[in-house]
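One structure is given here, and the rest of the page talks about it.
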Amino acid sequence: MNVDTTYLIIKSLMVLTIFGITLLIATYLTYFERKVAAFLQDRLGPDRAGPFGILQPLADAGKMFFKEDFIPQNSAKSLFILGPGIAMFTALLTGSIIPWGPQITLFGETFDFQIADINVGILFIVGVVSIGVYGIMIGGWASNNKYSLFGAIRASSQMISYELAMGLSIIAIVMMTGSLSLKDIVAQQHGMNWNVFYQPLGFIIFLISALAECNRAPFDLAECESELIGGYHTEYSSMKLGFFLFAEYINMFISCALISSLYFGGYNYPFMDMVSDPTVQGLIGTAVLFGKIFFFIFLFMWIRWTLPRFRYDQLMHLGWKMLIPLALANMLATGAVILFNQ
Amino acid sequence: MSPTIFLTLAIIAVVSAMFVVFAKNPVHSVLSLIVTFFSIAGLYLLMNAQFLFVVQIIVYAGAIMVLFLFVLMLLNLSADTEPQKSNRFRVIASASAGLLSLVFSAGMVIDATMGDRNVANIQEIGLVKHLGKVLFTDYLVPFEISSILFLAGMVGAVLLGKRTPKESKS
């Protein structure tokens, strides 16, 4: 019983830590996004609140909270409130199975830097991604507004289309690793043995699908201002709108963590065996993982402020006629190579 | 612990399934069907069938129900535009549903009398590794037949979705 209690306490602390870190990072991603946009457009960006505008996210959050919380008269009220909640919930759920660092021993206890190592880990992620669209769909429908409905419908068809390519590119990784557990997949990329060197095509497909699943530009047709006003969150205000926007940033953070774990070795780094102390090695590993995550977040923002938005038929064409056949070919080639090497 | 969880999930499943039938708004029906699927997925997890749990969520809750919701939102049915079925349809539908439940309960009774198979690895039977092995050895023929069925379904869907040259001109 004693062991169980410490286990529970450690896990609860870990849940709280990762929850807190995720929220903190998502908050500061809004600041980061503006600064990156400013940098790419040769501007200064926010610089009024605090030194270098570092308090800008807090000011934004305060503004969000104090805005009028408006619920349209003819909306489906309960679903209107449920929508942003689901979006936030599913965004936060995936962080629980990402291995944030290797196993380390402290004070005679072994810690896993992972909340839950479920043996169908990767499928769990696909499952959470596939229910993630409900928040947008329910919110968009419940608003009782044509633009919101259009946004919701666009979001759902886009998500379904790109989920397939994403799943197919993951299958190639699973075939190489022989395990569905994220912990095993990351552990196998020890040192510089990263999956991206074996699966370059799979990585590109996954990256594009992740961009589309996060509803990030150039795939942000669900909230495309020039056609749909605000898309699915046209009718939302105050912190409900904040939840939708926040969920998007959390999704971005988690997808970047996933890309780093699946293709760029997670907490592994070259010459990691030269660090003799396993605890120090583990802590450096976690720092390295966050470095990779921030690189990919920067890449996401770079793409957003560089590429124009797709047209809707182009989006569907890219998803169904380019990415899925490519992912299938990638999967077949991986299978053939594995069979040949046996 | 386990019986309590089972009862909670079962009650949620049954209540939300009833709500599917009684809800006036089709979108509400679909949403409660999603809740039903989630609670059934939870039941799979209780039986240690993690793979089935995840597949249930990905396929049913994640893909099929999204498509349902998608179509319903496009149609935007309301009580007055919804086509009403005649009484004859209702009788036929209830009779076939009753027959289906009869088949299911008969299957359950037969299964119970046959006793446990593979008691040794019943704890691990739901894991992907064992499921894959069983599917590709003992149940290879049914597995292949069902994949051919899927393929036929896919070809049919593509054929239906494809516009014929004649139509696209008009």
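These protein sequence lines are chains A and B, in that order. Taken in order, the first sequence gives residues 1261 to 1602; the numbers are from the working numbering. Taken in order, the second sequence gives residues 22 to 191; the numbers are from the working numbering. Even glycine gets a Cβ: it sits at the ideal position worked out from N, Cα and C.
Residue i at chain B interface by Cβ criterion, 8 Å
i: LEU1412(A); result: It is worth fixing the name first, because residue 1412(A) is Ala in this sequence and not Leu. Closer than 8 Å: yes.
i: ASN1379(A); result: yes
i: MET1397(A); result: yes
i: ILE1391(A); result: yes
i: GLY1387(A); result: yes
i: PHE1384(A); result: yes
i: TRP1401(A); result: yes
i: SER1416(A); result: yes
i: PHE1504(A); result: no
i: LEU1522(A); result: no
i: LEU1409(A); result: yes
Helix, strand or coil at residue i [DSSP, three-state]
i: GLY1310(A); result: coil
i: PHE153(B); result: Note that residue 153(B) is Gly in the sequence shown, not Phe. Of the three classes helix, strand and coil, the one that applies to GLY153(B) here is helix, per DSSP.
i: PHE1373(A); result: strand
i: GLN1418(A); result: helix
i: GLY1280(A); result: helix
i: PRO1362(A); result: strand
i: GLN1449(A); result: coil
i: ASN1590(A); result: helix
i: GLN71(B); result: helix
i: VAL1540(A); result: helix
i: GLY128(B); result: helix
i: ILE1603(A); result: The structure shown does not extend to residue 1603(A), since chain A spans only 1261 to 1602, so no value can be given for it.
i: GLY1438(A); result: coil
i: GLN1301(A); result: coil
i: ASP1573(A); result: helix
i: ALA1482(A); result: helix
i: VAL1380(A); result: coil
i: VAL1535(A); result: coil
i: VAL36(B); result: helix
i: TRP1401(A); result: helix
Selected residue, minimal CA-CA separation from residue i, among the options
i: THR1287(A); options: LEU1304(A), ILE1314(A) and SER1497(A); result: ILE1314(A)
i: VAL48(B); options: GLY1400(A), MET1534(A), ASP1264(A) and ILE1563(A); result: GLY1400(A)
i: ARG1303(A); options: TRP1565(A), ASN1601(A) and THR1594(A); result: TRP1565(A)
i: THR1546(A); options: ASN1528(A), PHE1556(A), MET1561(A) and VAL1535(A); result: ASN1528(A)
i: ASP1480(A); options: GLY1525(A), PHE1410(A) and SER1521(A); result: PHE1410(A)
i: ILE1584(A); options: GLN1363(A), PHE1466(A) and SER1520(A); result: PHE1466(A)
i: ALA1425(A); options: MET1582(A), LEU1592(A) and ALA1596(A); result: MET1582(A)
i: GLU1495(A); options: GLN1333(A), MET1274(A), ILE1278(A) and ARG1294(A); result: GLN1333(A)
i: LEU30(B); options: VAL41(B), MET39(B) and LEU67(B); result: LEU67(B)
i: PRO1311(A); options: ALA1297(A), GLN1301(A) and TYR1291(A); result: TYR1291(A)
i: LEU1318(A); options: ASP1329(A), GLU1328(A) and PRO1306(A); result: PRO1306(A)
i: LEU1383(A); options: LEU1342(A), PHE1373(A) and ILE1431(A); result: ILE1431(A)
i: TRP1360(A); options: LEU1488(A), LYS1327(A) and MET1274(A); result: MET1274(A)
i: ASN1455(A); options: GLN1363(A), ILE1269(A) and ILE1433(A); result: ILE1433(A)
i: ILE1598(A); options: ILE1557(A), PHE1524(A), GLY1438(A) and ILE1544(A); result: GLY1438(A)
i: GLU1483(A); options: LEU1289(A), ILE1385(A) and ARG1414(A); result: ARG1414(A)
Expected contact under 8 Å - CB spacing of residue i and residue j to nearest Å
i: THR1265(A); j: LEU1352(A); result: Not really, about 25 Å apart at Cβ, beyond 8 Å.
i: PRO1538(A); j: MET1452(A); result: Their Cβ separation, rounded to whole angstroms, is 19 Å, which puts PRO1538(A) and MET1452(A) out of contact at 8 Å.
i: SER1469(A); j: ILE1358(A); result: So it is not a contact: roughly 18 Å between Cβ atoms.
i: SER1421(A); j: GLY1579(A); result: 4 Å
i: SER1335(A); j: SER1403(A); result: 6 Å
i: ILE1553(A); j: PHE1513(A); result: 7 Å
i: ALA1412(A); j: MET94(B); result: 7 Å
i: LEU1324(A); j: MET1576(A); result: In the sequence on display, residue 1324(A) carries Met and not Leu. 34 Å between Cβ atoms; not a contact.
i: ASN1590(A); j: LEU1461(A); result: 5 Å
i: MET1419(A); j: THR1594(A); result: Their Cβ separation, rounded to whole angstroms, is 25 Å, which puts MET1419(A) and THR1594(A) out of contact at 8 Å.
i: LEU181(B); j: GLN71(B); result: Between GLN71(B) and LEU181(B) the Cβ distance is about 35 Å, and since that is not below 8 Å, they are no contact.
i: TYR1523(A); j: PHE1560(A); result: 15 Å between Cβ atoms; not a contact.
Chain A contact for residue i (CB, 8 Å cutoff)
i: VAL140(B); result: Here the model assigns VAL140(B) a pLDDT of 49, short of 50, so the residue's position is not dependable and the matter cannot be decided.
i: ILE78(B); result: yes
i: MET94(B); result: yes
i: PHE72(B); result: yes
i: VAL75(B); result: yes
Residue-level contact to chain C via CB, residue i, 8 Å cutoff
i: ILE1278(A); result: Absent from the structure is chain C; the protein chains it does hold are A and B.
_Which residues of the stretch 78-92 of chain B have a Cβ closer than 8 Å to any Cβ of chain A? Give them in chain order._
ILE78, ILE79, ALA82, GLY83, ALA84, VAL87, LEU88, LEU90 and PHE91
*asked:* Tell me which residues of the stretch 144-166 of chain B have at least one Cβ-Cβ distance to chain A shorter than 7 Å, keeping chain order.
replied: In summary, the residues of the stretch 144-166 of chain B whose CB is separated from some CB of chain A by less than 7 Å are LEU148 and VAL149, in the order they occur in the chain.
*Listed in chain order, which residues of the stretch 30-51 of chain B have Cβ atoms closer than 7 Å to some Cβ of chain A?*
VAL48
*Select from the stretch 1438-1470 of chain A all residues with a C-beta closer than 7 Å to any C-beta belonging to chain B, and list them in chain order.*
LEU1440
*Positions along the stretch 1420-1433 of chain A whose CB lies within less than 7 Å of some CB in chain B*: ILE1420
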